[in-house]
Amino acid sequence: MSPLFRRTEKKRPEDRVVTLIRKPGCHLCDDAQRVVEAVCAELGSSWEQRDITEDEELYRTYWEQIPVVLVDGAQHDFWRVNPDRLRRALTS
68 MSPLFRRTEK KRPEDRVVTL IRKPGCHLCD DAQRVVEAVC AELGSSWEQR
118 DITEDEELYR TYWEQIPVVL VDGAQHDFWR VNPDRLRRAL TS
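Residue numbers for the sequence shown follow the working numbering, so the first one is 68 and each next one is one higher.
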């Protein structure tokens, strides 16, 4: 099989990492955190949060989109986090 079409091994949800990029006082960030916490607890995935006001690179990259959710370092969602979509991303 060509390397272009080789399937990568599927990661288990407990091997995935969700990163929530947020800022203090952001109600959408609070909503996103509740979704991330619930879905990660359900699936056994780990999660972390990063404060956009404490990281200049994150600020430059995401300031118009927060809250931003990354799955394994790749942008997954921003503004509103859909729990079903996040669950699918962590299990596929």
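Note that beta-carbon positions come from the ideal geometry of N, C-alpha and C, so glycine has one too.
Keep in mind it's a predicted model, so treat the numbers as computed, not measured.
In whole angstroms, what is the alpha-carbon distance linking residue i and residue j?
{"i": "Arg83", "j": "Ser113", "result": "7 Å"}
{"i": "Met68", "j": "His143", "result": "Residue confidence is low: Met68 scores 46 on pLDDT, short of 50, so the model does not pin down where it sits. No coordinate-derived value is stated."}
{"i": "Gln100", "j": "Glu131", "result": "18 Å"}
{"i": "Lys78", "j": "Val135", "result": "22 Å"}
{"i": "Tyr126", "j": "Leu137", "result": "15 Å"}
{"i": "Ala156", "j": "Cys96", "result": "19 Å"}
Could you tell me which residues DSSP puts in a beta bridge with residue i?
{"i": "Glu115", "result": "Thr86"}
{"i": "Val103", "result": "Partner(s): none; Val103 has no beta bridge."}
{"i": "Gln132", "result": "For Gln132, which the question treats as bridged, DSSP gives no partner whatsoever."}
{"i": "Leu110", "result": "None; Leu110 has no bridge partner."}
{"i": "Ala141", "result": "Val138"}
Figure out for me which residue from the options has the closest Cα to the Cα of residue i.
{"i": "Leu153", "options": "Ala108, Gln132, His94, Lys90", "result": "Ala108"}
{"i": "Leu87", "options": "Arg79, Gln116, Pro80, Val106", "result": "Gln116"}
{"i": "Val102", "options": "Glu123, Asn149, Asp139, Leu125", "result": "Asn149"}
{"i": "Gly92", "options": "Ala141, Glu81, Ile133, Arg147", "result": "Ile133"}
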